[in-house]
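Enquirer:
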Amino acid sequence: MIHLELHPGAAQEVDAIIDWYEDQREGLGAEFLAQLRRDLQSITENPRTNPPWPGARTRALDVRRFIMERFPFVLPYVMREDLVVVLAIAHVRRRPGYWLERAKPPRRR
Numbered sequence: 018m019i020h021l022e023l024h025p026g027a028a029q030e031v032d033a034i035i036d037w038y039e040d041q042r043e044g045l046g047a048e049f050l051a052q053l054r055r056d057l058q059s060i061t062e063n064p065r066t067n068p069p070w071p072g073a074r075t076r077a078l079d080v081r082r083f084i085m086e087r088f089p090f091v092l093p094y095v096m097r098e099d100l101v102v103v104l105a106i107a108h109v110r111r112r113p114g115y116w117l118e119r120a121k122p123p124r125r126r
């Protein structure tokens with residue numbers, strides 16, 4: 018079974034995006050969250066079907082991307098054994114690649 022985890026930075030982005038959409042129109046933040054949940058479920062069900070992120074694939078790292086429907090965001094993620102880690106909720110036109118540092122595996126102690 019595949020498990021899904023949001024990187025802490027991605028979790029903060031979710032909250033900020035929901036707040037922004039709610040400021041635009043009441044209920045729009047909830048609509049964003051509902052779409053995000055559907056998209057995260059889709060990633061969990063078929064994580065290897067989404068294309069690699071251009072330029073972010075190495076032997077040690079396989080960053081993939083899921084483009085959200087209706088909202089201008091992309092979800093970059095990595096597979097770590099039976100875990101999918103969503104690295105960011107990245108706007109398609111702002112700060113490209115800012116989340117790349119999040120893709121590095123955590124250091125073992």
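Numbering-wise (the numbering used here), the sequence shown opens with residue 18 and increments by one. Quick reminder that beta carbons are idealized off the backbone N, C-alpha and C, glycines included.
In angstroms with no decimal places, state the Cα-to-Cα distance between ILE106 and LEU45.
Expert: If you take the alpha carbons of ILE106 and LEU45, they lie about 16 Å apart.
Enquirer: Using C-beta distances below 7 Å, list every residue in its chain close to GLU30, excluding the 5 sequence neighbours before and after it, in chain order.
Expert: So the qualifying residues of the chain are ALA105 and ILE106.
Enquirer: Please report the straight-line C-alpha distance between VAL80 and ARG112, rounded to a whole angstrom.
Expert: Answer to the nearest angstrom: the Cα atoms are 17 Å apart.
Enquirer: Give the DSSP bridge partners of ILE84, in chain order.
Expert: ILE84 pairs with VAL91.
Enquirer: State buried or exposed for TRP70, treating a residue as buried only when at least 16 other CB atoms are found within 10 Å of its CB.
Expert: Looking at its Cβ environment, which holds 16 or more other Cβ atoms inside 10 Å, TRP70 is buried.
Enquirer: Helix, strand or coil for PRO113? Go by DSSP, reduced to three states.
Expert: Coil.
Enquirer: The beta strand (DSSP E) that contains LEU104, what's its start and end?
Expert: Counting along the chain, LEU104 falls outside any beta strand (DSSP E), and DSSP gives it neither H nor E.
Enquirer: Do LEU100 and THR61 have their C-beta atoms closer together than 7 Å?
Expert: No; because the gap between Cβ atoms is not below 7 Å, this pair is not in contact.
Enquirer: For ASP99, which of helix, strand or coil comes out of DSSP?
Expert: Three-state DSSP puts ASP99 in coil, outside helix and strand.
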